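J.: Sequence lines, in order, name chains A and H. Just so we're aligned, residue 1 is where the first sequence starts under my numbering, counting upward by one. Just so we're aligned, residue 543 is where the second sequence starts under my numbering, counting upward by one. Don't be surprised by glycine CBs; every beta carbon is placed ideally from N, CA and C. Remember, it's a predicted structure, so these values are computed and weren't measured experimentally. Input: one structure, supplied below.
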Amino acid sequence: MSALRRARRQAWLIPATIFCAPLAAALWFGISDSIDLTAWRQLLADTQLPAALRLSLQTGIASTLIAALLAVAIVTQAHGSPRWHRLTASVGGMLALPHVALAIGLALLLMPSGAIARAIAMFTGWMSPPDIATIQDPNGIALVLALVLKETPFLVWNAAAQLQREGQGDEIEKQLRIAATMGYSRRSGWMRIVWPQLLPRLALPLLAVWAYGVTVVDMALVLGPTHPPTLAVLAWRWLLDADEAMNRQGAAAALMLSLCVAIGACLAVAVRKLGRPALMSRWTRGDRPASPSHPWPWHAFMRAAYLAIVAMLLFISVAGVWTFPAWWPARWSAQAWLTALASAGTWSTTLGLALASATTGLVLAVAWLETTPASWDARAAPFVFAPMLVPGVLLVGGLYELALRTGSDGSLAGIWLAHSVYAAPYVLVALAPAYRGFDPRIELTARALGKPRPVMLWRVKWPMLRAPIAAAFAVGFAVSVAQYLSTQFVGAGRHASLTTEALTLASGGQRSLSATFALLQAALPALMFLAAHAVARPRSKA
Amino acid sequence: MLELDAVTIAMPERVLVRSLTAQVAAGEVLTVMGDSGSGKSTLLGWLCGDLPAGFLASGSVRLNGRDVLALPTAQRRIGMLFQDDLLFPHMRVLENLLFAIPSGEPRAQRIASAEQALRNAGLDGHGPRMPASLSGGQRARVSVLRALLARPEALLLDEPFSKLDAALRQRFRAFVFERIREQGIPALLVTHDPQDVPHAGRVVELKEEADSA
Numbered sequence: 001m002s003a004l005r006r007a008r009r010q011a012w013l014i015p016a017t018i019f020c021a022p023l024a025a026a027l028w029f030g031i032s033d034s035i036d037l038t039a040w041r042q043l044l045a046d047t048q049l050p051a052a053l054r055l056s057l058q059t060g061i062a063s064t065l066i067a068a069l070l071a072v073a074i075v076t077q078a079h080g081s082p083r084w085h086r087l088t089a090s091v092g093g094m095l096a097l098p099h100v101a102l103a104i105g106l107a108l109l110l111m112p113s114g115a116i117a118r119a120i121a122m123f124t125g126w127m128s129p130p131d132i133a134t135i136q137d138p139n140g141i142a143l144v145l146a147l148v149l150k151e152t153p154f155l156v157w158n159a160a161a162q163l164q165r166e167g168q169g170d171e172i173e174k175q176l177r178i179a180a181t182m183g184y185s186r187r188s189g190w191m192r193i194v195w196p197q198l199l200p201r202l203a204l205p206l207l208a209v210w211a212y213g214v215t216v217v218d219m220a221l222v223l224g225p226t227h228p229p230t231l232a233v234l235a236w237r238w239l240l241d242a243d244e245a246m247n248r249q250g251a252a253a254a255l256m257l258s259l260c261v262a263i264g265a266c267l268a269v270a271v272r273k274l275g276r277p278a279l280m281s282r283w284t285r286g287d288r289p290a291s292p293s294h295p296w297p298w299h300a301f302m303r304a305a306y307l308a309i310v311a312m313l314l315f316i317s318v319a320g321v322w323t324f325p326a327w328w329p330a331r332w333s334a335q336a337w338l339t340a341l342a343s344a345g346t347w348s349t350t351l352g353l354a355l356a357s358a359t360t361g362l363v364l365a366v367a368w369l370e371t372t373p374a375s376w377d378a379r380a381a382p383f384v385f386a387p388m389l390v391p392g393v394l395l396v397g398g399l400y401e402l403a404l405r406t407g408s409d410g411s412l413a414g415i416w417l418a419h420s421v422y423a424a425p426y427v428l429v430a431l432a433p434a435y436r437g438f439d440p441r442i443e444l445t446a447r448a449l450g451k452p453r454p455v456m457l458w459r460v461k462w463p464m465l466r467a468p469i470a471a472a473f474a475v476g477f478a479v480s481v482a483q484y485l486s487t488q489f490v491g492a493g494r495h496a497s498l499t500t501e502a503l504t505l506a507s508g509g510q511r512s513l514s515a516t517f518a519l520l521q522a523a524l525p526a527l528m529f530l531a532a533h534a535v536a537r538p539r540s541k542a
Numbered sequence: 543m544l545e546l547d548a549v550t551i552a553m554p555e556r557v558l559v560r561s562l563t564a565q566v567a568a569g570e571v572l573t574v575m576g577d578s579g580s581g582k583s584t585l586l587g588w589l590c591g592d593l594p595a596g597f598l599a600s601g602s603v604r605l606n607g608r609d610v611l612a613l614p615t616a617q618r619r620i621g622m623l624f625q626d627d628l629l630f631p632h633m634r635v636l637e638n639l640l641f642a643i644p645s646g647e648p649r650a651q652r653i654a655s656a657e658q659a660l661r662n663a664g665l666d667g668h669g670p671r672m673p674a675s676l677s678g679g680q681r682a683r684v685s686v687l688r689a690l691l692a693r694p695e696a697l698l699l700d701e702p703f704s705k706l707d708a709a710l711r712q713r714f715r716a717f718v719f720e721r722i723r724e725q726g727i728p729a730l731l732v733t734h735d736p737q738d739v740p741h742a743g744r745v746v747e748l749k750e751e752a753d754s755a
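This is how it looks when you write it as structure tokens:
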């Protein structure tokens with residue numbers, strides 16, 4: 001009996017090892033591959049490096065700052081108002097749109113022959129697309145815009161999650177009321193009282209946004225500058241090169257980006273610490289500035305942008321010949337949809353990988369949550385957040401090396417492993433609050449009725465938690481569908497998914513087909529979220 | 543002076559406060575008592591300009607001759623103390639107090655006012671400490687100082703003693719009433735504990751039917 005108990009007590013080692021081992025190995029391989037003096041010399045001598053690094057930092061800094069400011073403005077305006085619930089619901093929908101789909105849709109809107117240029121042409125009389133680089137511009141403005149559109153909802157969602165934590169919303173409302181009785185406007189209260197408390201709790205999501213902004217590849221391939229591209233795109237190209245020396249240079253560039261991310265994070269912490277006295281002096285100087293009477297409806301802008309992007313994808317997917325500056329295509333065509341729907345291999349690969357990775361993530365997450373106390377989640381945090389914080393170009397190199405060593409490179413099994421490394425942490429993050437919050441007295445009641453643990457789990461706990469379990473599965477599914485780097489690199493380009501197809505077609509200029517694949521890429525996770533919602537509905541009383 | 547005239551607060555299905563009329567003089571504490579759900583806290587919320595959704599209120603409220611009902615919370619100059627001290631956890635004690643003191647004076651003078659208030663409250667040297675490092679009683683005193691340093695023209699007390707233990711409660715009550723007298727502002731205290739009523743203080747009890755003081 002005591003041996004059984006001991007074994008149960010050590011059971012957490014199984015999910016922890018399965019979860020951490022591939023990730024740790026990938027990180028180790030990724031970093032060790034990039035520590036090569038010759039490769040670093042070659043990288044530092046590359047004439048594209050200064051401009052590419054500047055672009056990476058520029059887009060990362062601009063997108064992080066703008067997304068953070070917008071998230072602050074949106075939450076400040078909406079929290080505590082009747083709009084708040086509508087906003088949090090719509091943010092979920094925005095998050096469900098994959099990065100690549102958003103980038104392709106935005107490109108179709110912004111490009112010189114896109115919808116915006118056609119609208120302007122009505123007033124300017126342009127008869128041909130303007131000769132302006134509205135996408136892939138040398139300063140990366142289009143890329144920054146796309147990153148801001150994608151990351152602002154992510155930060156708003158994280159802030160909402162913090163505010164919805166037990167008692168947090170009430171506590172904040174009371175603090176705001178206290179500030180109001182002292183003569184502070186609601187906006188001043190948020191800026192001086194709420195955000196200084198909330199922002200430190202958003203450190204990890206902010207770090208993830210910063211890391212993604214500096215190291216993004218998939219969106220940069222569609223919207224980013226090309227001569228030179230950002231350093232992440234250069235690193236990606238070098239990693240794909242047939243020449244091994246170039247591969248090592250790519251690995252070194254990936255490590256350089258990781259160091260930039262780390263240095264940026266350290267600088268942010270230092271600025272926050274050093275800037276505290278100045279900020280505090282400002283917050284406590286006793287002035288009572290009034291709120292602007294007509295604040296900008298930032299959230300309405302975001303929603304309009306997302307609607308325009310999806311509408312553009314739908315429109316282009318069925319547009320045949322569409323000459324500039326016409327508002328309407330000369331003819332419509334269902335060819336792109338027929339071609340996409342006929343790509344059975346792409347569909348089945350995407351679906352199979354997503355189902356397998358989400359299942360793996362869910363099993364690991366449930367196993368971790370069942371075998372460890374809540375206090376251990378903090379210990380797991382570095383591993384949980386690693387795939388979100390470590391640049392994709394670095395981690396994917398390590399995953400490829402791992403696949404090589406296990407003989408799974410170029411195979412679906414290797415891609416499944418890589419997708420699972422990315423999906424599992426998201427599933428855990430999505431499931432943990434509800435799973436940890438499950439009333440232990442219900443478990444105890446079931447056990448007291450003589451039900452063994454597996455029966456209690458199967459008949460009581462998991463059915464009661466079916467809504468968060470289904471939602472977490474959908475999150476893992478969506479993460480897998482959106483994977484580009486790992487599918488392409490670990491799969492050695494042998495297995496096409498909806499995401500890799502959409503990106504390849506976008507780079508090749510096949511607008512209708514890339515729009516169709518982008519829509520399908522967005523539709524699969526959306527359908528899974530709908531299915532999760534249906535599973536979560538209470539059972540009929542009849 | 544705080545003047546309430548024919549104040550009525552109702553939910554769609556029942557009336558909580560019916561035609562309450564009261565006058566609270568400067569330095570006086572008027573106690574409002576009643577059972578849970580009788581509308582005591584709702585009354586204070588409404589006076590602060592924060593009537594919860596689903597409630598209806600009517601009547602007039604004048605503070606030193608000003609009709610305050612038309613003003614937003616931030617302009618009413620009515621301070622509030624809750625059961626919880628609600629000190630801002632990211633600010634030191636001194637910073638919490640400076641937050642309350644209106645601008646218009648040099649910073650050094652504002653700091654001197656805050657430190658003087660701490661000294662008078664027996665909290666000398668506690669300014670640089672974070673709220674989390676204070677005892678419950680110390681935090682409660684700081685919250686009173688903060689509310690008063692904002693120079694309100696009236697103070698509303700929503701069961702501020704209910705979370706303190708018996709010994710501390712008595713001392714803290716005396717501390718609060720003394721500060722209100724010193725400041726010379728009217729105060730409305732909501733409680734369901736008769737021991738909280740100040741000596742020789744007036745009491746309004748909220749029942750099904752109208753009461754007036």
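Going by the beta-carbon positions, is the gap between residue 652 of chain H and residue 286 of chain A smaller than 8 Å?
T.: It is a contact, given that the beta carbons lie within the stated cut-off.
J.: Ordered along the chain, which non-local residues of its own chain (more than five positions away) have a Cβ less than 7 Å from that of residue 434 of chain A?
T.: Result list for residue 434 of chain A: 465 and 468, in chain order.
J.: Under the DSSP definition of a beta bridge, which residues are partnered with residue 700 of chain H?
T.: In the DSSP output, where bridge partners are listed per residue, residue 700 of chain H has H:732.
J.: For residue 312 of chain A, collect the residues of the same chain with a Cβ closer than 7 Å to its Cβ; drop the 5 residues on either side in sequence, then sort them by chain order.
T.: 105, 108, 109 and 115.
J.: State whether the stretch 65-81 of chain A contacts the stretch 295-312 of chain A, with contact taken as three or more CB pairs (one from each stretch) at a distance under 8 Å.
T.: Short answer: they touch.
J.: Pull up the distance between the alpha-carbon of residue 478 of chain A and that of residue 517 of chain A, whole angstroms please.
T.: Those two C-alpha atoms are separated by around 15 Å.
J.: On the premise that residue 209 of chain A lies in contact with residue 67 of chain A, defined as a C-beta separation below 8 Å, what is that separation, rounded to the nearest angstrom?
T.: Their Cβ separation, rounded to whole angstroms, is 6 Å, which keeps residue 67 of chain A and residue 209 of chain A in contact under 8 Å.
J.: Check whether chain A comes within 8 Å of residue 597 of chain H, counting only Cβ atoms and requiring the distance to be less than that.
T.: With 8 Å as the cut-off, residue 597 of chain H does not count as an interface residue toward chain A.
J.: Counting C-beta neighbours from all protein chains within 10 Å, is the total for residue 260 of chain A 16 or more, i.e. buried, or is it exposed?
T.: That one is buried.
J.: Quick test of your reading: residue 310 of chain A and residue 333 of chain A, contact by CB under 8 Å. State the CB separation rounded to the nearest angstrom.
T.: That pair is no contact at about 19 Å.
J.: Fully enclosed by the stretch 271-325 of chain A, which beta strand (DSSP E) runs are 3 residues long or longer?
T.: Here no run is fully enclosed.
J.: Which chain H residues sit within Cβ distance under 7 Å of residue 287 of chain A?
T.: Under the 7 Å cutoff, chain H gives 645.
J.: With a threshold of 16 other CB atoms inside 10 Å of the CB of residue 473 of chain A, please say whether the residue is buried or exposed.
T.: By the 10 Å Cβ count, residue 473 of chain A comes out buried.
J.: Taking the C-alpha atoms as reference points, what is the distance between residue 227 of chain A and residue 138 of chain A?
T.: Distance between the alpha carbons of residue 227 of chain A and residue 138 of chain A: 7 Å.
J.: Can you list, in chain order, the residues of its chain whose CB lies under 7 Å from that of residue 316 of chain A, leaving out five sequence neighbours each side?
T.: Same-chain partners within the cutoff: 108, 511, 512 and 515.
J.: Does DSSP classify residue 671 of chain H as helix, strand or coil?
T.: Coil, per DSSP.
J.: Taking C-alpha atoms, which residue in A:181, A:102, A:387 and A:194 lies nearest to residue 204 of chain A?
T.: For the residues A:181, A:102, A:387 and A:194, the minimum Cα distance to residue 204 of chain A belongs to A:387.
J.: Using a Cβ-Cβ cut-off of less than 8 Å, give me the residues of the stretch 72-102 of chain A that come near chain H, in sequence order.
T.: So nothing in the stretch comes that close.
J.: The alpha helix (DSSP H) with residue 689 of chain H in it runs from where to where?
T.: Element bounds for residue 689 of chain H: 678-691.
J.: I'd like to check one pair, residue 521 of chain A with residue 153 of chain A: are the Cβ atoms closer than 8 Å?
T.: Not a contact, by the Cβ cut-off of 8 Å.
J.: Under three-state DSSP, which class holds residue 561 of chain H?
T.: Residue 561 of chain H falls in the strand class under three-state DSSP.
J.: Does DSSP put residue 12 of chain A in a helix, in a strand, or in coil?
T.: Coil at residue 12 of chain A, not helix or strand.
J.: Of all the options H:687, H:606 and H:714, which has the alpha carbon lying nearest to the alpha carbon of residue 661 of chain H?
T.: That would be H:687, whose Cα lies nearest to the Cα of residue 661 of chain H.
J.: Short check: CB of residue 369 of chain A to CB of residue 432 of chain A, under 8 Å?
T.: Their beta carbons are under 8 Å apart, which means residue 369 of chain A touches residue 432 of chain A by this criterion.
J.: The beta strand (DSSP E) spanning residue 602 of chain H covers which residue range?
T.: 598-605 is the span of the beta strand (DSSP E), which, as asked, contains residue 602 of chain H.
J.: Please determine whether the Cβ atom of residue 75 of chain A lies at a distance below 7 Å from any heavy atom of the ligand ATP.
T.: You won't find the ligand ATP in this model; it holds no ligand whatsoever.
J.: Kindly list, in the order they appear in chain H, the residues whose Cβ is closer than 9 Å to that of residue 387 of chain A.
T.: Here the premise fails: no neighbours, minimum Cβ distance about 31 Å.
J.: Could you tell me which chain A residues have their CB closer than 7 Å to the CB of residue 654 of chain H, listed as they occur along the chain?
T.: Result: empty, since nearest Cβ-Cβ is about 14 Å, beyond 7 Å.
J.: Only counting runs of 4 or more residues, tell me where the alpha helix (DSSP H) segments fall wholly within the stretch 325-367 of chain A, in order along the chain.
T.: Entirely contained in the stretch 325-367 of chain A, the alpha helix (DSSP H) runs reaching 4 residues are, in chain order, 335-342.
J.: Once DSSP output is grouped into helix, strand and coil, what is the label at residue 754 of chain H?
T.: The predicted position of residue 754 of chain H is uncertain, since its pLDDT is 43 and thus under 50; a value taken from the coordinates is nonetheless stated next. Strand.
J.: Give the C-beta separation of residue 415 of chain A and residue 353 of chain A to the nearest angstrom, bearing in mind that I take them to be a contact with Cβ-Cβ under 8 Å.
T.: With a Cβ gap of about 6 Å, residue 415 of chain A and residue 353 of chain A count as contacting.
J.: Using DSSP bridges, identify the partner residues of residue 572 of chain H.
T.: Note: residue 572 of chain H sits in a beta bridge opposite H:730.
J.: Quick one: list the residues of chain H neighbouring residue 197 of chain A, beta-carbon separation under 7 Å, in chain order.
T.: What residue 197 of chain A touches in chain H: 631 and 632.
J.: Just the Cα atoms here: how many angstroms apart are residue 729 of chain H and residue 65 of chain A?
T.: The alpha-carbon atoms of residue 729 of chain H and residue 65 of chain A are separated by roughly 46 Å.
J.: So, under 8 Å CB-CB, residue 598 of chain H and residue 552 of chain H are touching, yes? Tell me the CB distance rounded to an integer number of Å.
T.: That pair is a contact at about 5 Å.
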